[in-house]
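Letter by letter, the sequence shown follows residues 3 to 230 in our numbering. Note that CB positions come from ideal geometry on N, CA and C, so glycine has one too. Accompanying notes for the structure given below.
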Amino acid sequence: MYEEFLKIQRENQQSAYEERERELKRQYEQRIQQLEEFNNRLPRPRYEVHDTVDTKIADSEIATFLNPPVQEIAAVKTKEKGQRVSIKGTVERMSSVLETGTSKRKIITIKDQSGSIEIKLWGNMVNLAMDCELDQTVLLSCLTLDLYLNRASLNSNPSTTLEVLNEEEHVNGIIEAACFDEDELSILVKDHLWKMEGRLMQTIFPLGEFSPNMMLKAITRGRNIVEM
Numbered sequence: 003m004y005e006e007f008l009k010i011q012r013e014n015q016q017s018a019y020e021e022r023e024r025e026l027k028r029q030y031e032q033r034i035q036q037l038e039e040f041n042n043r044l045p046r047p048r049y050e051v052h053d054t055v056d057t058k059i060a061d062s063e064i065a066t067f068l069n070p071p072v073q074e075i076a077a078v079k080t081k082e083k084g085q086r087v088s089i090k091g092t093v094e095r096m097s098s099v100l101e102t103g104t105s106k107r108k109i110i111t112i113k114d115q116s117g118s119i120e121i122k123l124w125g126n127m128v129n130l131a132m133d134c135e136l137d138q139t140v141l142l143s144c145l146t147l148d149l150y151l152n153r154a155s156l157n158s159n160p161s162t163t164l165e166v167l168n169e170e171e172h173v174n175g176i177i178e179a180a181c182f183d184e185d186e187l188s189i190l191v192k193d194h195l196w197k198m199e200g201r202l203m204q205t206i207f208p209l210g211e212f213s214p215n216m217m218l219k220a221i222t223r224g225r226n227i228v229e230m
């Protein structure tokens, strides 16, 4: 009788154990399903595959960036802010070196037949203008265009260079006007004002008076007539 009781008790315990095991398995599967449903509701990141092959920049583009072609000042003023340009012209004005606690700059104004523009030389770039003088012809390469309140100006950058040109040029044309003041001896030819020494002025106008329709054939250097 006792053995029968133990047998029934063991069977009940086994049945309870199996039922508990089934319940735990059911809860586990239910939990897994809940996690999958939650994961499916999460926003998925968007991945894009990009071409990682380096694009080779053409040598011509590099050359243009480091040494832009020379253009007239009027054309330079039509460019977009940040573009690099080069100009050639005559030194019209120069400021002294302006220094603050954090920077220094020098402003020079360059003029050509199409107009004039201010150039700001920054930091050690002010040394580029050490050999510059008024009325000299200079070539400034690789400047950065700036626009402020619709006014164009140029800034130096680490690639900027300045070259003083002593090249001679030929000028032919009718003398439109003349100034006989000793400190400002000059003539106007093709809307260009050329300075000259007294001996050359006397060769053109020996009486010291302006005569219309006088032709000029001369050699210039910068804004000065050096030979006729």
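(request) Whole angstroms is fine: what's the gap from I177's alpha carbon to Q138's? (result) If I take the Cα positions, the gap works out to 22 Å.
(request) Count the other C-beta atoms from every protein chain shown that fall within 10 angstroms of the C-beta of L209, then say buried if there are 16 or more, exposed otherwise. (result) Exposed is the label assigned to L209, since fewer than 16 other Cβ atoms lie within 10 Å of its Cβ.
(request) May I have the straight-line CA-CA distance separating G91 from L145, to the nearest angstrom? (result) Rounded to whole angstroms, the separation of the alpha carbons of L145 and G91 is 14 Å.
(request) Report yes if the CB atom of W196 is closer than 7 Å to the CB atom of I189, and no otherwise. (result) Yes. Within cutoff.
(message) Let me confirm a value: G224 is counted as buried when at least 16 other C-beta atoms fall within 10 Å, else exposed. Which label applies?
(response) Buried, by the Cβ-count rule.
(request) Drop a sphere of 10 angstroms on the beta-carbon of R28, count the other beta-carbons inside from all chains shown, and report buried for 16 or more, exposed for fewer. (result) It is exposed - the Cβ of R28 has fewer than 16 other Cβ atoms within 10 Å.
(message) Can you find the residues in the same chain that come closer than 8 Å, C-beta to C-beta, to N226, ignoring five residues on each side of it along the sequence?
(response) Non-local C-beta neighbours of N226 in its own chain, meaning closer than 8 Å and more than five positions away in sequence, comprise D137, W196, K197, M198, ordered along the chain.
(request) Please name the residue or residues paired with C181 in a DSSP beta bridge. (result) S188, per the DSSP bridge assignment.
(request) For the beta strand (DSSP E) containing S155, list its first residue and its last residue. (result) First-last of the beta strand (DSSP E) with S155: 153–157.
(message) Please state whether the Cβ-Cβ distance between E169 and T222 is less than 7 Å.
(response) Against a cut-off of 7 Å, the Cβ pair of T222 and E169 comes out as no contact.
(message) Quick check on DSSP: helix, strand or coil for T205?
(response) In the structure shown, T205 adopts helical secondary structure according to DSSP, grouped into three states.
(request) On a CA-only basis, which of A76, E82, E23 is nearest Y150? Give me that one, please. (result) Check the Cα spacing between Y150 and each of A76, E82, E23: the tightest is with E82.
(request) With a cut-off of 8 Å on the beta carbons, I'd call Q85 and L147 a contact; round off their distance for me. (result) So it is a contact: roughly 5 Å between Cβ atoms.
(message) Cutting at 6 Å between CB atoms, please list the residues of its own chain near T163, excluding the five before and the five after it.
(response) Excluding sequence neighbours, T163 sits near S143.
(message) Nearest by alpha-carbon distance to K192: which of A179, E186, L37 is it?
(response) Minimum Cα distance to K192 is reached at A179.
(message) Please give me, in chain order, every unbroken run of the beta strand (DSSP E) with length at least 3 that falls completely inside the region 56–110.
(response) Along the region 56–110, the beta strand (DSSP E) occurs as fully enclosed runs of 3 or more residues at 86–96, listed in sequence order.
(message) Please report the straight-line C-alpha distance between I75 and A154, rounded to a whole angstrom.
(response) Looking at the two C-alpha atoms, the distance is approximately 10 Å.
(request) Kindly indicate which residue of G175, Q35, G200, H194 has the alpha-carbon position closest to the one of N215. (result) The shortest CA-to-CA distance from N215 to any of G175, Q35, G200, H194 is the one to G175.
(request) Go ahead and label P160 buried or exposed: buried means 16 or more other beta carbons lie within 10 angstroms of its beta carbon, across all protein chains shown. (result) Burial call: exposed.
(message) Just to confirm, is the Cβ distance from N157 to K122 under 7 Å?
(response) K122 is positioned such that its CB atom lies closer than 7 Å to that of N157.
(request) Buried or exposed for I34, please, with buried defined as at least 16 other CB atoms from any protein chain shown within 10 angstroms of its CB. (result) Its Cβ having fewer than 16 others within 10 Å, I34 is exposed.
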